[in-house]
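This report refers to the structure that appears directly beneath it.
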Amino acid sequence: MAGQEDRPQDRLTRAFFARPVLDVAPELLGCHISHAGVTVRLTEVEAYDGSNDPGSHAFRGPTPRTRVMFGEPGGLYVYFTYGMHWCANLVCGSAGAASAVLMRAGEVVEGLELARTRRPRSSDRDLARGPARLAMALALGRDQNGMDTCATDSVFVVRAREPDRSSRSAVARVRTGPRGGVSGQGGEEGA
DNA sequence: ATACCGATTGGCT
DNA sequence: GCCAATCGGTATC
Numbered sequence: 046m047a048g049q050e051d052r053p054q055d056r057l058t059r060a061f062f063a064r065p066v067l068d069v070a071p072e073l074l075g076c077h078i079s080h081a082g083v084t085v086r087l088t089e090v091e092a093y094d095g096s097n098d099p100g101s102h103a104f105r106g107p108t109p110r111t112r113v114m115f116g117e118p119g120g121l122y123v124y125f126t127y128g129m130h131w132c133a134n135l136v137c138g139s140a141g142a143a144s145a146v147l148m149r150a151g152e153v154v155e156g157l158e159l160a161r162t163r164r165p166r167s168s169d170r171d172l173a174r175g176p177a178r179l180a181m182a183l184a185l186g187r188d189q190n191g192m193d194t195c196a197t198d199s200v201f202v203v204r205a206r207e208p209d210r211s212s213r214s215a216v217a218r219v220r221t222g223p224r225g226g227v228s229g230q231g232g233e234e235g236a
């Protein structure tokens, strides 16, 4: 099999992200994202379908804040909310689609001590449990908005291990739901 | 220029 | 379970 020979590990490429967000999101479960000395294994993600999704920041068209979402897939969209929290998304679909996957939760698999430093009052279990917590553990904030996870060594996502066919692995339990009502919060994909 | 509100979290009842 | 914290973005006047 002639595969790529020199992949850092199994880093997700732009082509991976450049597909419909509803296809990409489930595949992100179990993947590892690394930044600033900490690696997190994604256990819960949520897809936002750009201009088609009333719940998306991109629903009403591009703005200064959402410009990254309208950019290249593989980009990192980090936004500030509630006056104190940062949350991070991976941009998906073709450029201009403005779809993205919010990283809702994960487990720290590397850089535990560093992560503890960043979230001193948290139990190990909750270090990256929640979108703002995950961003904090990974030190993702204003300065990381717009970074290209496919092109820089600072931030990158590594493919999940081949799912175990025999036993139910983390990737097996995927809850998918199209967003029901405009006000509802459906559209979750988690493990 | 001003007003409303949010893709949340942590602490308290 | 409920609620305050805290401020940038977006819409509106």
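The working numbering applies: residue 46 is where the first sequence begins, and numbers increase by one. Where a beta carbon is used, it is the ideal one built from N, C-alpha and C, also for glycine.
Counting along the chain, where does the alpha helix (DSSP H) carrying Met114 start and finish?
-> It is not in any alpha helix (DSSP H) - Met114 carries neither H nor E in the DSSP assignment.
How far does the alpha helix (DSSP H) with Phe62 in it reach, from first residue to last?
-> Arg59 to Phe62
Would you list the residues sitting across from Tyr122 in a DSSP beta bridge?
-> Asn134
Compute the distance between the beta-carbons of Met181 and Arg163, then report whether it is under 7 angstroms.
-> yes
DSSP state of Ser96 mapped onto helix, strand, coil | helix
Between Met114, Cys195, Arg86 and Arg170, which lies nearest to Arg75 when the distance is taken from Cα to Cα?
-> In the sequence as displayed, the identity of residue 75 is Gly instead of Arg. Per the Cα distances, Arg86.
Cα-Cα separation between Ala88 and Pro109, rounded to whole angstroms | According to the sequence shown, residue 88 is Thr rather than Ala. So the alpha carbons of these two residues sit roughly 30 angstroms apart.
Which residues mark the beginning and the end of the beta strand (DSSP E) in which Ala150 is found?
-> Ser144 to Glu155
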